[in-house]
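Engineer: What follows is a single structure, and I will ask about it in a moment.
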Amino acid sequence: MFTSHVIVEHVHWLFGRCFTCETWTLTDAVLTVVTETHESMQCHVVCGQAWAAIQYGIQVQTDDGKWLHASAGSKVQWAMWLDAFQDLAPPPKPHSPVKVQFNDDVAVLEIPVLSDEEKALLFAPDPVFGTAPAGAAAVPSSTEVEVPRSSNFILPTWP
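Quick note on numbering: the sequence shown equals residues 0 to 158 in numbering that gives the first Met the number 0.
Here you go:
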């Protein structure tokens with residue numbers, strides 16, 4: 000059940016388009032409309048959607064084919080009305096008629112687990128701590144690293 004105050008567009012025979020405040024309540028697929036003069040009307044809702052003619056506009060189609068147009072008071076109420084309309088007639092789930100078939104030549108390659116010795120040979124030594132994997136050449140213990148200077152690379156200097 001969803002209830003909110005909306006501004007409804009009516010076409011008057013003398014004044015043309017005019018807007019009035021109403022309270023709309025949507026319960027299942029029944030819309031109850033209460034006007035400012037406390038007149039009540041109920042109608043069955045087929046579908047509802049956004050109405051692009053006005054900000055936060057919503058439009059509802061009744062079972063007799065009539066469209067009711069209104070404007071929600073805020074963006075939150077507008078989104079809640081659209082969510083309620085989607086609950087009335089949820090969009091169809093996408094169904095792909097094409098079945099997927101894989102080529103028989105496709106195979107799964109399993110990568111074997113490496114031993115500790117193989118892992119040590121794969122990874123480079125740590126130049127900061129001077130540690131080297133087993134079987135690798137020793138790294139000098141100096142922490143100074145020579146950086147090649149180029150014209151497009153400027154090293155920051157601090158006082």
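We put the CB at the ideal spot given by N, CA and C, even for glycine.
Model, not experiment: these values are computed from the prediction.
(1) Comparing C-alpha positions only, which one of Gly56, Asp82, Pro111, Leu113 sits nearest to Met0?
(2) Counting beta carbon pairs with one atom in the segment 24-31 and one in the segment 42-52, are three or more of them shorter than 8 Å?
(3) With His9 and Cys17 assumed to form a contact (beta carbons below 8 Å), what rounded beta-carbon distance in angstroms separates them?
(4) Look up Ala119 in the DSSP assignment and give the residues it is bridged to.
(5) The alpha helix (DSSP H) that contains Trp12, what's its start and end?
(6) Within the same chain, show all residues whose beta-carbon is closer than 7 Å to that of Pro50, passing over the 5 residues directly before and after it, in chain order.
(7) From this set, Pro111, Lys65, Thr34, which residue's C-alpha is nearest Trp23's C-alpha?
Structural biologist: Checking against the coordinates, here is how it stands:
(1) What you label residue 0 is simply residue 1 of the sequence shown in a count that begins at 1. That would be Asp82, whose Cα lies nearest to the Cα of Met0.
(2) yes
(3) Position 10 of the sequence shown, counted from the first residue, corresponds to residue 9. Position 18 of the sequence shown, counted from the first residue, corresponds to residue 17. Indeed they touch by this definition, with Cβ atoms about 6 Å apart.
(4) Position 120 of the sequence shown, counted from the first residue, corresponds to residue 119. None; Ala119 has no bridge partner.
(5) Along the sequence shown, read from residue 1 onward, the residue named residue 12 stands at position 13. Premise fails: Trp12 is in no alpha helix (DSSP H) and is neither H nor E.
(6) To locate residue 50, count along the sequence shown from 1; it is residue 51. In the sequence on display, residue 50 carries Trp and not Pro. So the qualifying residues of the chain are Gly56, Ile57, Gln58, His68.
(7) As a position in the sequence shown, residue 23 is number 24, starting the count at 1. For the residues Pro111, Lys65, Thr34, the minimum Cα distance to Trp23 belongs to Thr34.
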